[in-house]
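Take the sequence shown: its position 122, counted from the start at 1, is 1147 in our numbering, and no numbers get skipped.
Yeah, the Cβ is synthetic: ideal placement off N, Cα and C, and Gly gets one too.
This report refers to the structure that appears directly beneath it.
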Amino acid sequence: MAFDVGKVRAAYPALADGYAYLDGAAGTQLPSSVIDAIAGAQAAGLGNTGGAFPASRRSEVITDECRKALADLTGGVPGGVILGPNMTTLTYRLARTLAAAWGPGDEVVVTRLDHDANVRPWVQAAAAAGATVRWADVQLPEGDLPAAAFARLISERTRLVAVTAASNLIGTRPDVSAITALARSAGALSYVDGVHATPHGPVDVRALGADFYVTSAYKWSGPHVGTVVADPALLESLAPDKLAPAPDSGPDRFEQGTLPFADLAGVTAAVEHLASLAGPAPGSATRRERILSSMAAAEAYEQALFGVLLGGLDAMGHVTTYGKAARRTATAFFTVEGSTPRQVAEHLARRDVNVWDGDNYAWELAGVLGLRDAGGGVRAGLVHYNDRSDVDRLLAAVAELG
Ligand SMILES: Cc1ncc(COP(=O)(O)O)c(C=O)c1O
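Listed below in structure tokens is the structure:
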């Protein structure tokens, strides 16, 4: 089905303010359907779960529906969907839980491509357990993270491999299924950061081979809710910190307290929104099928627009772009000669163009690129609601700095 960006944009009230929102990699805007779902849930009356009255039951239904929606989005099963405030918090929880079984002699593999939220929790948990950390390095200038490098790092001592499905700085999409296969054959678990990858294409946790797949709804048109998707049997084998009266089985053992029920209704609406971007009509296919088709169309649309963005930046003598991986999301990272990244972002803001400057918490990668002490770089990321005019305005404004 063709991708109708005009129709997509009309769904987002915030886009009417005239700004070019090229900051989506840090958080997207919300379509009306998501805003309405959140407000509607609040207006209907909510109660805490486990009560004897209808408002409590409504929160239970919302929570169940949210797990089903996230399972459809990722290819997981609802019983393996842990809900929480964001990826970082959930990753710290999982790191603490998993590291309880680690000790001296055990090893953990992390990468220099990842956002720090998929690095530091594991490094700190390993340090507390006396385990060793091994680092997978980024290959320059491509910005690749070859699976072959993991073969040298993974052994029977490896307990966990933490790797991103896409870099939030330069977009690189490593060969995750090859990396998780290496982990599995050594008896290690894999923890895949899908925060940056999920908004940019179809996700299949089984094909990725991810024991844990984590994503945050605010990166794909939803509210601030994070989720970890895993095999329910694997979750049952773990013993997270939990309160005595909290459930003894199921994903809610990992959820630590009351969930934001209205926001969960917004997450389900965001998944529906993704399914409706360009997929078959509801009723003519399952939601999972609609999501896969829709996200494939969104990816093709973004990649075509990304060609224009990158081509325009690379044609400017005063601009340096970073990363040339064969598989990457539509995320441009660049510096401009004679201006700091913050000065570039300020100049663009004066032209009503939103971009991020800095390291975007890809702390190790910013170091590898030699940009950590130079204020990082400028990130202009495309999501499915960006259009040609957003890109043209960015390019025109960057050209003014030459
Ligand atoms: C790739 C990636 N991983 C992890 C995170 C952290 O996510 P959260 O804000 O949900 O903790 C981000 C946020 O920017 C990200 O881009």
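{"Query": "A1125 - DSSP class collapsed to helix/strand/coil", "Result": "coil"}
{"Query": "W1388 - containing alpha helix (DSSP H), residue span", "Result": "1388-1393"}
{"Query": "C-alpha gap between P1285 and G1109, whole angstroms", "Result": "9 Å"}
{"Query": "Three-way DSSP call (helix, strand, coil) for D1048 in this model", "Result": "strand"}
{"Query": "heavy atom of ligand 1 below 8 Å from S1192 C-beta", "Result": "yes"}
{"Query": "Assigned exposure category for S1180 - 16 Cβ within 10 Å defines buried", "Result": "exposed"}
{"Query": "Pick from G1247, A1232, V1106, R1121 that is closest to P1224, judged by C-alpha positions", "Result": "G1247"}
{"Query": "Per DSSP, the bridge partner or partners of E1132", "Result": "T1157, T1183"}
{"Query": "heavy atom of ligand 1 below 8 Å from A1161 C-beta", "Result": "no"}
{"Query": "Closer than 8 Å: N1379 CB and nearest ligand 1 heavy atom", "Result": "no"}
{"Query": "Range of the contiguous alpha helix (DSSP H) that encloses Y1428", "Result": "Given a span of 1026 to 1427 for the chain in the structure shown, any question on residue 1428 remains unanswerable."}
{"Query": "Environment of V1086 [buried if 16+ CB atoms lie within 10 Å]", "Result": "exposed"}
{"Query": "Y1046: CB within 8 Å of a non-hydrogen atom of ligand 1", "Result": "no"}
{"Query": "One or two residues paired with G1308 in a DSSP bridge", "Result": "None; G1308 has no bridge partner."}
{"Query": "A1051: CB within 8 Å of a non-hydrogen atom of ligand 1", "Result": "yes"}
{"Query": "Beta-carbon separation (whole angstroms), G1100 vs R1231, contact threshold 8 Å", "Result": "6 Å"}
{"Query": "Per-residue burial, Q1067 [other beta carbons within 10 Å of its own, 16 or more giving buried]", "Result": "exposed"}
{"Query": "Closest Cα partner of A1322 within the set S1309, A1303, G1337", "Result": "A1303"}
{"Query": "Cβ distance (whole Å) where A1222 is taken to contact A1191 below 8 Å", "Result": "4 Å"}
{"Query": "With 16 other Cβ atoms within 10 Å as the buried cut-off, status of R1352", "Result": "exposed"}
{"Query": "Where V1102 falls: helix, strand or coil (DSSP)", "Result": "coil"}
{"Query": "Proximity test, Cβ basis, 9 Å: V1106 and chain C", "Result": "Annotation note: the requested chain C is absent from the structure, which comprises a single protein chain."}
{"Query": "Reduced DSSP category for T1074 - H, G, I as helix; E, B as strand; rest coil", "Result": "coil"}
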